[in-house]
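Peer 1: Going by our numbering, 340 is the number at position 225 of the sequence shown; the sequence numbering is gapless.
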Amino acid sequence: MNDQTSIPTGVDLREEIDRLRKERNAVILAHYYQKPELQDLADFVGDSLELSKKAAETDADVIAFCGVKFMADTAKILSPEKIVVLPDMDAGCSLEDSCPPDKFRAFREKHPDHIALTYINCSTEVKALSDVIVTSSSAETILSQIPEDQPIIFGPDRHLGGYLNRKFDRDMLLWPGVCIVHEAFSERELLKLKAQHPDAPIAAHPECPPHIIDHADHVGSTSSILQFAKTFEGDTLIVATEPHIIHQMEKALPEKTFLGAPGADGNCNCNICPYMALNTMEKLYLCLRDLEPRIEIEEELRLKAKASLDKMLEMAAGTIGKGDLGRV
Numbered sequence: 116m117n118d119q120t121s122i123p124t125g126v127d128l129r130e131e132i133d134r135l136r137k138e139r140n141a142v143i144l145a146h147y148y149q150k151p152e153l154q155d156l157a158d159f160v161g162d163s164l165e166l167s168k169k170a171a172e173t174d175a176d177v178i179a180f181c182g183v184k185f186m187a188d189t190a191k192i193l194s195p196e197k198i199v200v201l202p203d204m205d206a207g208c209s210l211e212d213s214c215p216p217d218k219f220r221a222f223r224e225k226h227p228d229h230i231a232l233t234y235i236n237c238s239t240e241v242k243a244l245s246d247v248i249v250t251s252s253s254a255e256t257i258l259s260q261i262p263e264d265q266p267i268i269f270g271p272d273r274h275l276g277g278y279l280n281r282k283f284d285r286d287m288l289l290w291p292g293v294c295i296v297h298e299a300f301s302e303r304e305l306l307k308l309k310a311q312h313p314d315a316p317i318a319a320h321p322e323c324p325p326h327i328i329d330h331a332d333h334v335g336s337t338s339s340i341l342q343f344a345k346t347f348e349g350d351t352l353i354v355a356t357e358p359h360i361i362h363q364m365e366k367a368l369p370e371k372t373f374l375g376a377p378g379a380d381g382n383c384n385c386n387i388c389p390y391m392a393l394n395t396m397e398k399l400y401l402c403l404r405d406l407e408p409r410i411e412i413e414e415e416l417r418l419k420a421k422a423s424l425d426k427m428l429e430m431a432a433g434t435i436g437k438g439d440l441g442r443v
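1) Taking the alpha-carbon positions, what's the phenylalanine 159 to cysteine 181 distance?
2) Answer with buried or exposed for lysine 197, where buried requires no fewer than 16 other C-beta atoms within 10 angstroms of its C-beta.
3) Would you mind stating whether isoleucine 143 and tyrosine 400 have Cβ atoms separated by less than 8 Å?
4) Per DSSP, what kind of secondary structure is alanine 187 in: helix, strand or coil?
5) By DSSP, does lysine 309 sit in helix, in strand, or in coil?
6) Considering only residues of the same chain and omitting the five flanking positions on each side of alanine 299, which have a CB-CB separation below 8 Å?
7) Could you pull out every residue in the same chain whose Cβ sits closer than 8 Å to the Cβ of glutamate 370, ignoring the five residues on either side in sequence?
8) Can you list, in chain order, the residues of its chain whose CB lies under 7 Å from that of alanine 431, leaving out five sequence neighbours each side?
9) Using three-state DSSP, classify glycine 161 as helix, strand or coil.
10) I'd like the list of long-range same chain contacts for glycine 441, defined as Cβ closer than 6 Å, with 5 residues on each side in sequence excluded.
11) Closest to valine 183 by CA distance: which of Leu403, Arg134, Ile235 is it?
12) For the structure I just gave you, are there three or more beta carbon pairs, one from the region 241-249 and one from the region 281-301, closer than 8 Å?
13) Under 8 Å, with one C-beta from each stretch per pair, do the region 199-211 and the region 221-230 reach the 3-pair mark?
14) Specify whether the region 357-369 and the region 145-159 touch according to this definition: at least 3 beta carbon pairs, one from each stretch, less than 8 Å apart.
15) Between the beta-carbon of leucine 341 and the beta-carbon of isoleucine 360, is there less than 8 Å?
16) My assumption, with CB atoms under 8 Å, is that alanine 231 sits in contact with serine 194. Please give the rounded CB distance.
17) So who's on the other strand from aspartate 272, going by DSSP bridges?
18) What is the DSSP secondary structure of alanine 376, counted as helix, strand or coil?
19) Can you check whether the C-beta of glutamate 415 is within less than 8 Å of a C-beta belonging to chain B?
20) What whole-angstrom Cβ distance do histidine 330 and isoleucine 317 have, given they're in contact under 8 Å?
21) Assign histidine 226 to one of three DSSP states: helix, strand, or coil.
22) Express the C-alpha separation of arginine 417 and glycine 381 in angstroms, rounding to a whole number.
23) Which of the three DSSP states, helix, strand or coil, is assigned to leucine 128?
24) Where does glutamate 340 sit, in a helix, a strand or coil, going by DSSP?
Below, the structure is given as structure tokens:
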């Protein structure tokens with residue numbers, strides 16, 4: 116990891132990042148869950164796969180991905196010729212951590228008649244062991260194309276898989292992973308907040324557990340929730356996903372009120388992703404300056420992982436970044 120003590124005193128980080136962006140011919144990507152100051156300086160803000168696709172379409176030599184490691188890995192899978200850097204290599208993901216490749220391989224071997232639909236929040240190695248990658252915005256479209264009698268393994272998010280099972284009356288075999296952010300929402304505190312704002316709809320990410328989803332008026336990916344925020348009737352929206360997405364909502368709709376769904380302590384601070392929070396302006400400056408930490412993926416592994424991503428794009432290219440889960 117780069118040493119932040121090597122930043123000269125008095126450096127204007129925003130100015131230096133802009134200088135390095137031009138000097139390196141870099142594109143800066145920021146996920147919706149990043150700090151507002153990182154979102155505001157990024158060339159593109161969005162969902163993880165949407166960002167990787169946009170970066171691949173540019174003529175940039177360098178991709179600086181303000182997100183978590185599996186997202187930067189995906190950018191490298193789609194743009195192997197580009198240098199991909201991540202401000203903090205420790206920015207991981209609880210879903211990726213929940214699904215070690217060796218255990219996933221053994222699980223697949225126990226169920227040889229199953230195909231593996233795997234949520235994009237997983238390692239490159241798990242992508243390489245999968246048949247089709249899905250996002251929260253493409254899962255419905257892909258699942259609808261698979262015969263009902265085809266056994267399916269869905270991982271690593273059991274809440275997204277369970278939501279799809281319930282909505283489409285499927286019986287997918289679920290890997291037991293969860294997102295620590297979406298797992299932290301409290302039904303009791305959510306109902307208290309709803310009682311204070313009875314006319315406010317609730318928009319929830321499908322990584323939330325069922326006791327949160329059951330109260331939602333809209334369920335969808337981060338992009339889908341953002342689109343719902345722009346179209347719902349009323350002046351207040353309760354948002355059950357990582358609260359940094361509210362920054363984009365407030366920028367687009369300053370006249371409306373957006374409330375983060377609470378955790379057990381009654382506020383949304385406990386739902387800030389600790390991995391996303393590792394990225395900072397200082398670390399972004401250093402990774403552009405030093406072109407480190409750098410994402411490297413062995414080519415055979417990259418091609419195997421890319422095959423499952425390509426299958427998703429073949430089956431559901433029109434859904435990327437649009438969010439098709441819609442209303443409950």
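Yeah, the Cβ is synthetic: ideal placement off N, Cα and C, and Gly gets one too.
Peer 2: Well, looking at it:
1) If you number the sequence shown from 1, residue 159 lands on position 44. If you number the sequence shown from 1, residue 181 lands on position 66. Looking at the two C-alpha atoms, the distance is approximately 10 Å.
2) By 1-based counting over the sequence shown, the position of residue 197 is 82. It is buried - the Cβ of lysine 197 has at least 16 other Cβ atoms within 10 Å.
3) By 1-based counting over the sequence shown, the position of residue 143 is 28. By 1-based counting over the sequence shown, the position of residue 400 is 285. Against a cut-off of 8 Å, the Cβ pair of tyrosine 400 and isoleucine 143 comes out as no contact.
4) Residue 187 sits at position 72 when you count from the first residue of the sequence shown. Three-state result, alanine 187: helix.
5) Locating residue 309 in the sequence shown gives position 194, where the first residue counts as 1. Correct three-state label for lysine 309: helix.
6) Looking up residue 299 in the sequence shown gives position 184. Gly378, Ala379, Cys385, Asn386.
7) If you number the sequence shown from 1, residue 370 lands on position 255. Contacts found: Asp350.
8) The residue labelled residue 431 in the question sits at position 316 within the sequence shown. Closer than 7 Å at the Cβ level, and outside the excluded window around alanine 431, lie Ser253, Thr256, Ile257.
9) Here residue 161 refers to the residue found at position 46 when the sequence shown is read from its first residue. Note: glycine 161 maps to strand in three-state DSSP.
10) Residue 441 sits at position 326 when you count from the first residue of the sequence shown. Below a pLDDT of 50, predicted positions are generally treated as unreliable, and glycine 441, at 29, falls in that range; no measurement from the model is reported.
11) Looking up residue 183 in the sequence shown gives position 68. Closest by alpha carbon: Ile235.
12) no
13) no
14) yes
15) If you number the sequence shown from 1, residue 341 lands on position 226. If you number the sequence shown from 1, residue 360 lands on position 245. Yes, the Cβ-Cβ distance between leucine 341 and isoleucine 360 is below 8 Å.
16) Locating residue 231 in the sequence shown gives position 116, counting from the first residue. Locating residue 194 in the sequence shown gives position 79, counting from the first residue. 25 Å between Cβ atoms; not a contact.
17) One-based indexing of the sequence shown puts residue 272 at position 157. Aspartate 272 pairs with Gly292.
18) By one-based count along the sequence shown, residue 376 stands at place 261. Coil at alanine 376, not helix or strand.
19) Looking for chain B here will not work: only one protein chain is present.
20) To locate residue 330, count along the sequence shown from 1; it is residue 215. To locate residue 317, count along the sequence shown from 1; it is residue 202. About 6 Å; that satisfies the 8 Å criterion.
21) Stepping through the sequence shown from its first residue, residue 226 is reached at position 111. If DSSP states are grouped into helix, strand and coil, histidine 226 belongs with coil.
22) Residue mapping note: residue 381 aligns to position 266 of the sequence shown, counting from 1. Residue mapping note: residue 417 aligns to position 302 of the sequence shown, counting from 1. Taking the straight line joining both Cα atoms gives about 43 Å.
23) Sequence index remark: in the sequence shown, residue 128 carries index 13 (1-based). Note: leucine 128 maps to helix in three-state DSSP.
24) For the purposes of this step, residue 340 is taken as residue 225 along the sequence shown, with counting starting at 1. It is isoleucine, not glutamate, that sits at residue 340 in the sequence shown. Correct three-state label for isoleucine 340: helix.
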